[in-house]
Amino acid sequence: MSELKVISEHACFGGVQGFYAHHSEVCDTEMRFSVFRPPRSRER
């Protein structure tokens, strides 16, 4: 997998919603995805 690019991160319902991208060699294009990290995820 190529380098992960942070597109943006926003506070959301006490947690963080992050939007990310990376280049896919198989699809030969930029792939985007998002991850919601709830507030309790910081406890670990």
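The numbering of the sequence shown is the working numbering, which starts it at -19 and goes up by one.
Where is the CB? At the ideal position from N, CA and C, for every residue including glycine.
Where glutamate 47 sits in the DSSP three-state scheme: As displayed, the chain neither begins before -19 nor continues past 24, which places residue 47 out of reach and without an answer.
Per DSSP, cross-strand counterpart(s) of glycine -2: The beta-bridge partner set that DSSP reports for glycine -2 consists of Glu(-11), Val15.
Reduced DSSP secondary structure (H/G/I, E/B, other) of glutamate 10: Strand.
Reduced DSSP secondary structure (H/G/I, E/B, other) of serine -18: Of the three classes helix, strand and coil, the one that applies to serine -18 here is coil, per DSSP.
Beta-carbon contacts of phenylalanine 13 that lie in its chain and below 7 angstroms, excluding the five residues immediately before and after: Exclusion of the five residues before and after phenylalanine 13 leaves Tyr0 as the residues of its chain whose Cβ lies within less than 7 angstroms of its Cβ.
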